[in-house]
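Student:
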Amino acid sequence: MSRPLRFFIDSADVKQWARFADEGWVHGATCNPSILRKAGLTCSLETMRHLAEEADGLGFHELHLQAWGGERERFVETGRALAALSPIVTVKVPATSGGFAAARVLREGKCRVTLTACYTARQCAAAAALGLSYVAPYYGRMSEAGLDADGTLDAMRAIAGGEGPRILVASLRGAAQVDTLLARGFDTFTLSPSVAAEMAGDERSEAATRTFEDDAREASGREPA
């Protein structure tokens, strides 16, 4: 039996979170230091606490926040602090030697962990062996770097199976890529707000709706047949 689909918003903009939370199909949000910087936010525990409170208030099931510090000890320290903010927090660590070492400690402490910035199937295999919750490959960046993104993702999915970490596909450039990956069996995605906006909308759907509304106005002034 397949697992339920999970879509995340890859943003630190709470207004964007609210927009997609209102549509109801979003499981949660993901964030990293680069996204924080782009949003003009500090990479601090205070900022993360605020984001966790906002995510919880919107009814998100998960919020993926990234540990920082550049080495094992700091990843563990910040990761533990992030996990303590809310039960909905999943801690992200990078796919580096220090990140793996921190993931082991965090996992032993019962934290949910996402291995992020993944580029190879062997990184996914190591994450599966550690019992991590998610592996996040950068699909768009892989393709643009000339790597075999599709082959690598297929290998990751085969490694994870139905019991291993979810393959949280990131760095998607458009909803058409989501369509293709869904058809191939992938079930977990994090989307930029611009890509997320494509998910529930289509120009043809909008045109049909305008016709429905025009006809409703016309019909409302008529006597029943």
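Under the UniProt record's numbering, the first residue of the sequence shown carries the number 1, and numbering increases by one thereafter. Note that CB positions come from ideal geometry on N, CA and C, so glycine has one too.
#1: Would you mind stating whether V91 and G79 have Cβ atoms separated by less than 7 Å?
#2: Provide the residue(s) that pair with residue 241 in DSSP beta bridges, ordered along the chain.
#3: At the level of alpha carbons, what is the spacing between D10 and T30?
#4: Compute the distance between the beta-carbons of L132 and V113, then report whether it is under 7 Å.
#5: Tell me whether the stretch 63 to 77 and the stretch 147 to 164 touch, counting them as touching only if at least three CB pairs, one residue from each stretch, are closer than 8 Å.
#6: What does the alpha-carbon distance come out to for the pair S34 and D150?
#7: Secondary structure at G79, three-state DSSP: helix, strand or coil?
#8: Helix, strand or coil for V169, going by three-state DSSP, please let me know.
#9: Under the three-state reduction of DSSP, which class applies to P137: helix, strand or coil?
Tutor: A quick look at the data gives this:
#1: Here the question's residue 91 lines up with position 91 in the sequence shown. Here the question's residue 79 lines up with position 79 in the sequence shown. The answer is yes: Cβ separation under 7 Å.
#2: Since the first residue of the chain shown is 1 and the last is 225, residue 241 is not available in this structure.
#3: Within the sequence shown, the letter at position 10 stands for residue 10. Within the sequence shown, the letter at position 30 stands for residue 30. One C-alpha to the other measures close to 5 Å.
#4: Locating residue 132 in the sequence shown gives position 132, where the first residue counts as 1. Locating residue 113 in the sequence shown gives position 113, where the first residue counts as 1. A Cβ-Cβ contact shorter than 7 Å links L132 with V113.
#5: With the cut-off at 8 Å, the stretch 63 to 77 and the stretch 147 to 164 do not touch.
#6: Within the sequence shown, the letter at position 34 stands for residue 34. Within the sequence shown, the letter at position 150 stands for residue 150. Distance between the alpha carbons of S34 and D150 is about 25 Å.
#7: The count along the sequence shown starts at 1 and reaches residue 79 at position 79. Helix at G79.
#8: Counted from its first residue, the sequence shown places residue 169 at position 169. DSSP places V169 in strand when its eight states are reduced to three.
#9: As a working note, residue 137 is residue 137 in the sequence shown. In this structure, P137 counts as strand in the three-state DSSP scheme.
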